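Note that the UniProt record's numbering has the sequence shown beginning at 1, numbered continuously upward.
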Amino acid sequence: MIGTSTTALANGITLNEQSTSSAGTAYAGRSSSALDASTIYGNPAGLTKLPRSELSGGISVLAIKDNISDSQSNATGTSKGNSVPLAAVPFAYFSAPLDDRFSAGLGLYVPFGLVNNYESSFQGRYFGAYSKTEAITLQPTLAYRVNDYVSIGGGPTLNRFDAKLQNNLATGALNNGKETLVTIKGDDTAIGYNLGVLFDLNDATRWGVTYHSKVSYHLKGQTEVADAPAALGLNGKYNARIGLDTPESMDTSITHHFNDRWTGYLSTVWTRWSRLDKFEAINSGVSAAGQSFGLGRVGETLNWHDTWAGAIGASYQLDRQWLLRAGYSYDPSTVQNADRSVRIPVGNRNSITLGAAFSPNADMTIDVAYGYIWDSTASVRQSNNSGLQPSYSAKYDNSANELSVQLTYRY
């Protein structure tokens, strides 16, 4: 079978970069704080806590390193690592109170994404040479304040998903030294929803719960085979169908004001990654030779499992204009060593963040945040099950630096 060793998500986890104000505390308290209009993603019920209309937007820039060591393969080549280019993740929100109880908003953000581009001589290119996937979400939102203690909110999500994935096949001995390149492209638009509830337990403590639904995509596109041995008659493009569910998640957090200066945040997030048990592109128009070559169904088993992530953070009101933040988060890997691929070679993830909010006046806030992210050492072991994918094993030590900035204007 021709394997693509692929998945369509960011390093096996959801992208967190939808808010700089939340990034400063490592996203602790995201579902209970309602800091600005980015609560549309964090907890839509939080819109009832914003007394004025707001425009809020920003961008997060990530510099990611994947350092590879102890690589072994039956194929010649290199294992340089650092396959992830500099990435930028934008977001934008609008919110407005409609009356004393109802508020509305609109958010645009990126919940999932992956970019991975190894050198052409990468030893593991038979299991993943290039990956680029992205989900972009538009979320209209309505929130309602039930009483002084409870607010609810939610809205549908319109999600656009695009993917391009490539890997090589070791056909050089049959093809004058040329390796076959398999490329899969697909896209789809699908509907989901986000719901939230926010409780004011007392004057100092707030508790929130947010549910992000699964989104079922039916990607349509093409599988292209290039530079295969001419005698096999496989070169060309085939219509492809790919079924993919991005998982639902539930975020719950507590925000507690210890006094006028200090605030603490505590969060946990459950994500149902077990929905991603396999990836498979079903191709039409494949000849009998192509079917015997494994081109009719291209894919592999993923065996991902559900995860619980946690975060803790704090903020300090330095003066009327400056608020300082810090946080730590832990997010376990979605896969065991036996199922980890070169496309998403992540381990258990740790993050430390620092942030600040500067409000020169009541109408404007500028948020900045910096985060250092690192994984535990992750082992990759991929076997030659097709006969055309030389086995590959290595250890990955991944880290990243993240810088985020956001501007919020109230009127």
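Ideal Cβ placement from N, Cα and C applies to all residues, glycine included.
Since the model is a prediction, treat every value here as computed from it, not as a measurement.
Of the listed residues the options, nearest to residue i (C-alpha basis)
i	options	result
Ser249	Arg275, Thr255, Ala37 and Leu324	Arg275
Leu324	Arg381, Ala281 and Tyr316	Tyr316
residue 424	Asn283, Ser213, Gly153 and His218	Since the first and last residues shown for the chain are 1 and 411, residue 424 lies out of range.
Asn176	Ser151, Ala231 and Leu302	Ala231
Ile352	Ala369, Ala96, Asn235 and Pro345	Ala369
Tyr211	Leu195, Ala45 and Asn384	Leu195
Gly128	Tyr27, Thr180 and Leu55	Thr180
Leu108	Leu407, Leu165, Asn159 and Leu295	Asn159
Glu134	Ser376, Gly113 and Gly172	Gly113
Ala362	Tyr409, Asp339 and Val380	Tyr409
Leu169	Leu403, Gly387, Lys395 and Val405	Gly387
Val335	Arg125, Ser379, Gly290 and Asp203	Ser379
residue 423	Lys214, Pro156 and Ala92	Shown here, the chain extends from 1 to 411; a query on residue 423 therefore has no answer.
Tyr411	Thr365, Asp375 and Pro332	Thr365
Asp36	Glu54, Ile254, Ser404 and Gly29	Glu54
Pro360	Trp322, Ile136, Phe199 and Ser21	Trp322
Pro247	Val298, Pro229, Leu198 and His305	His305
Arg44	Ile152, Tyr126 and Ser131	For the sequence presented, residue 44 should be read as Pro rather than Arg. Nearest C-alpha to Pro44: Ile152.
Asp66	Ser31, Asn398 and Thr39	Asn398
Tyr328	Asn337, Ala311 and Leu318	Ala311
Ser267	Ser22, Gly29 and Ala23	Gly29
Cβ shell of residue i (< 7 Å), same chain only, five flanking positions each side left out
i	result
Ser216	Ala190 and Asp245
Asn401	Ala63 and Tyr372
Asn16	Tyr27
Asn101	Contrary to the premise, residue 101 reads as Arg rather than Asn in this sequence. So the qualifying residues of the chain are Tyr144 and Arg145.
Thr14	Pro111, Phe112, Ser249 and Thr271
Pro229	Thr171, Leu174 and Asn175
Trp207	Ser32, Phe199, Leu201 and Ile254
Asn337	Ser379 and Arg381
Exposed unless 16 or more other CB atoms sit within 10 angstroms - verdict on residue i
i	result
Gly233	exposed
Trp308	exposed
Lys278	exposed
Tyr149	exposed
residue 413	Nothing can be reported for residue 413, as the shown portion of the chain is limited to 1 through 411.
Ser383	exposed
Ser69	exposed
Tyr396	buried
residue 420	Nothing about residue 420 can be reported from this structure: the residues present for the chain run from 1 to 411 only.
Ala88	exposed
Thr252	buried
Leu295	buried
Thr377	exposed
Cut-off 6 Å between Cβ atoms - residues of its own chain near residue i, not counting five sequence neighbours on either side
i	result
Trp270	Met250 and Trp308
Ser103	Leu47, Thr48, Pro97 and Ala143
Leu106	Phe94 and Pro140
Thr381	It is worth fixing the name first, because residue 381 is Arg in this sequence and not Thr. These residues qualify, in order along the chain: Ser393.
Gly264	His256 and Ala314
Gly290	Leu234
Asn303	Asp339
Gly124	Val342 and Tyr392
Thr301	Lys278
Ser19	Ser38
Ile59	Ala88 and Pro90
8 Å CB neighbourhood of residue i in its chain, flanking five on each side removed
i	result
Glu119	Thr78, Lys80 and Ser83
Asp187	Arg160, Phe161, Asp162, Ala163, Leu219, Lys220 and Gly221
Gly172	Lys178 and Glu179
Tyr193	Gly154, Gly155, Pro156, Thr157 and Ser213
Pro85	Val115 and Asn117
Gly281	Note that residue 281 is Ala in the sequence shown here, rather than Gly. Closer than 8 Å at Cβ, skipping near neighbours: Thr4, Ile184, Gly186, Thr223, Ala240, Arg241, Ile242, Arg297, Val298 and Gly299.
is_contact[residue i, chain D] using C-beta, thresh 8 Å
i	result
Glu54	Looking for chain D here will not work: only one protein chain is present.
Any non-hydrogen atom of the ligand FMN closer than 7 Å to residue i Cβ
i	result
Phe293	With respect to the ligand FMN, the structure shown offers nothing to examine, as it has no ligands at all.
Does the pairing of the stretch 388-400 with the stretch 65-84 give three or more beta-carbon distances under 8 Å? Flag = yes, the stretch 388-400 and the stretch 65-84 touch.
Note down, one range per segment and in chain order, each alpha helix (DSSP H) of at least 4 residues found wholly within the stretch 9-57. Runs of the alpha helix (DSSP H) lying entirely within the stretch 9-57 and spanning at least 4 residues, in chain order: 20-23, 30-33 and 39-42.
Does the structure place the stretch 339-357 close enough to the stretch 135-149 that three or more beta carbon pairs sit under 8 Å? Of all C-beta pairs linking the stretch 135-149 to the stretch 339-357, fewer than three are shorter than 8 Å, placing the two stretches out of contact.
Taking only runs that begin and end inside the stretch 186-248, name each unbroken beta strand (DSSP E) of 3 or more residues, in chain order. As for any beta strand (DSSP E) of minimum length 3 sitting wholly inside the stretch 186-248, the runs are 205-212, 215-226 and 236-246, ordered along the chain.
Within the stretch 272-318, note down every full beta strand (DSSP E) run reaching 3 residues or more, in order along the chain. Runs found: 278-283, 297-301 and 307-317.
Cβ pair count under 8 Å reaching 3, the stretch 221-229 against the stretch 46-59: Contact between the stretch 221-229 and the stretch 46-59 is absent, because fewer than three Cβ pairs lie under 8 Å.
Evaluate the contact criterion for the stretch 336-347 versus the stretch 283-296: three or more CB pairs, one atom per stretch, below 8 Å. With contact defined as three or more Cβ pairs closer than 8 Å, the stretch 336-347 and the stretch 283-296 are not in contact.
Which full runs of the beta strand (DSSP E) of 3+ residues lie inside the stretch 151-178, going along the chain? For the stretch 151-178, not a single whole beta strand (DSSP E) run of length 3 or above is found.
Run through the stretch 60-127 for me and flag every whole beta strand (DSSP E) of 3 or more residues, listed as ranges in chain order. Entirely contained in the stretch 60-127, the beta strand (DSSP E) runs reaching 3 residues are, in chain order, 87-97 and 102-117.
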